[in-house]
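Enquirer:
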Amino acid sequence: MKAYNKIVVASQLFERAHDMFESAESDTDYACSRLIAGAVVGIIAPVLKEQGGHPMHDLLARIANATAEPNDEKYCAGFFRAAYNSLKHSGSNRKGIKPSEDLEFEADVKREAAHMLDVAKADFSEIRVSTDVRNMCGESFIAVLESDREYA
Numbered sequence: 002m003k004a005y006n007k008i009v010v011a012s013q014l015f016e017r018a019h020d021m022f023e024s025a026e027s028d029t030d031y032a033c034s035r036l037i038a039g040a041v042v043g044i045i046a047p048v049l050k051e052q053g054g055h056p057m058h059d060l061l062a063r064i065a066n067a068t069a070e071p072n073d074e075k076y077c078a079g080f081f082r083a084a085y086n087s088l089k090h091s092g093s094n095r096k097g098i099k100p101s102e103d104l105e106f107e108a109d110v111k112r113e114a115a116h117m118l119d120v121a122k123a124d125f126s127e128i129r130v131s132t133d134v135r136n137m138c139g140e141s142f143i144a145v146l147e148s149d150r151e152y153a
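Laid out in structure tokens, this is it:
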């Protein structure tokens, strides 16, 4: 078996999500980009949090909570991952929803993909990694990460 560095794999996944978004020919391409970028966030956000940073979804949840009306339900980071979670699985044991009752969702998948890419890029830009790990991520990833490109 081969060992992998999750940061390096996440950088490669981010590049795939970026490329898929840039060359998308269908909503399915955007959905795939969204899923891949969501996996990147799932790796990077906990590292950022451990390093004392604030993942973008957490910041968005704080803003939503601060601006919510008194009787509104409180938001959480999961609120901003709803479309991602809808694509990732069906059903919910916790909520008592059968998979067969959870096969449709509404989303603007291009906008959702753009949002998740922006979040992944923002979180990736904030984590601290060794020079060795950074070098393993590759020049094309670093170029995209350091670019002014915004997806949304």
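Under the numbering used here, the first residue of the sequence shown is numbered 2, with each subsequent residue one higher.
The C-beta atom is built at its ideal place from N, Cα and C for all residues, glycine as well.
Nothing here was measured: the structure is a model prediction, and the numbers come from that model.
(1) Quick one: grab the DSSP three-state call for S131.
(2) Should F106 be labelled buried (16 or more other beta-carbon atoms within 10 Å of its own) or exposed?
(3) Just curious, the alpha helix (DSSP H) that A4 is in, first and last residue?
(4) In this structure, does DSSP put S91 in helix, strand or coil?
(5) Report buried or exposed for P100, applying the criterion of at least 16 other Cβ atoms within 10 angstroms of its Cβ.
(6) Roughly how many whole angstroms lie between the Cα atoms of E147 and T132?
(7) To the nearest angstrom, how far is the alpha carbon of K111 from that of N136?
Expert: With the structure as the only source:
(1) The sequence position of residue 131 within the sequence shown is 130, counting from 1. In the structure shown, S131 falls within a coil segment according to DSSP collapsed to helix, strand and coil.
(2) Residue numbering aside, residue 106 sits at position 105 when the sequence shown is read from its first letter. It counts as exposed.
(3) As a position in the sequence shown, residue 4 is number 3, starting the count at 1. That residue, A4, is in no alpha helix (DSSP H); it is neither H nor E in DSSP.
(4) Within the sequence shown, numbered from 1, the residue matching residue 91 stands at position 90. S91: coil per DSSP, three-state reduction.
(5) Within the sequence shown, the letter at position 99 stands for residue 100. Answer is exposed; the Cβ neighbour count stays below 16.
(6) Position 146 of the sequence shown, counting from 1, holds the residue named residue 147. Position 131 of the sequence shown, counting from 1, holds the residue named residue 132. Rounded to whole angstroms, E147 to T132 spans 16 Å at the Cα level.
(7) Position 110 of the sequence shown, counted from the first residue, corresponds to residue 111. Position 135 of the sequence shown, counted from the first residue, corresponds to residue 136. Going by the C-alpha atoms only, they are around 31 Å apart.
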